[in-house]
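Student: Quick one: the structure is below, questions incoming.
In my numbering, the protein residues as written are 26 to 183.
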C-alpha cells in the first residue's frame with residue numbers, strides 16, 4: 026500500500042528541483058562585457074557622422090587604481106562658456122564595462138565652468154574616452170588608459 030505524499034516530502038522535492046534549475050541558469054550566464062567595437066558604436070550614436078577631434082578636453086583619471094568600484098574621474102573643457110560659445114554636453118565611454126556609455130553631462134552657458142567630476146565603476150583595466158559637444162556642433166575628445174587591480178561591474182547578465 027502506497028502512502029500519500031506528505032507536505033514535507035513535496036516541499037523537499039520541489040525545493041531540490043527549484044535549486045537545481047536555478048543553479049543551472051546561474052552557471053549558463055556569462056558576464057556581460059562590452060568590446061572596443063561596441064564603444065565605437067556607442068560613440069557613433071552620440072556624434073553621428075561628425076568628426077571627433079582630439080584636444081580641448083582634459084580627462085583626469087588615476088593611471089592605476091586598486092579597486093574599480095569607485096574610480097574618480099574629472100573632465101575639463103577649454104571653453105569661455107558664453108552664450109555664443111559653450112559646452113553643450115560631455116559624454117564618457119569605456120571599452121570593457123557592461124555598458125560602454127558611462128555618463129552624459131548636459132551643460133549650458135550658465136554652468137560657468139566646463140568642468141565635471143564623478144566616480145564610476147570599472148570592470149577591468151581599459152581605455153576611457155571623454156567627448157564634448159560644443160555649441161558650434163563640433164566634437165572634441167581625450168582618452169586615458171587605467172589599470173584596475175580589483176575589478177567591479179561583475180554582475181551576471183539579467
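Quick reminder that beta carbons are idealized off the backbone N, C-alpha and C, glycines included.
Whole-angstrom Cβ separation of residue 96 and residue 164, contact assumed at under 8 Å?
Tutor: To locate residue 96, count along the chain shown from 1; it is residue 71. To locate residue 164, count along the chain shown from 1; it is residue 139. Contact doesn't hold; Cβ gap of about 24 Å is too wide.
Student: Residues in its own chain within less than 6 Å of residue 158 by CB, not counting five upstream and five downstream?
Tutor: Indexing the chain shown from 1 puts residue 158 at position 133. Excluding positions up to five away in sequence, the list reads 113, 114, 164.
Student: On a CA-only basis, which of 150, 121, 133, 160 is nearest residue 92? Give me that one, please.
Tutor: Position 67 of the chain shown, counted from the start, is the residue given in the question as residue 92. Comparing Cα-Cα distances from residue 92 to each of 150, 121, 133, 160, the minimum goes to 150.
Student: Excluding five sequence neighbours on each side, which residues of the same chain lie with their C-beta closer than 6 Å to the C-beta of residue 168?
Tutor: Here residue 168 refers to the residue found at position 143 when the chain shown is read from its first residue. Same-chain partners within the cutoff: 152, 154.
Student: For residue 67, count the other beta carbons within 10 Å of its own beta carbon; 16 or more makes it buried, fewer makes it exposed. Which is it?
Tutor: By one-based count along the chain shown, residue 67 stands at place 42. When all chains shown are included, residue 67 counts as buried.
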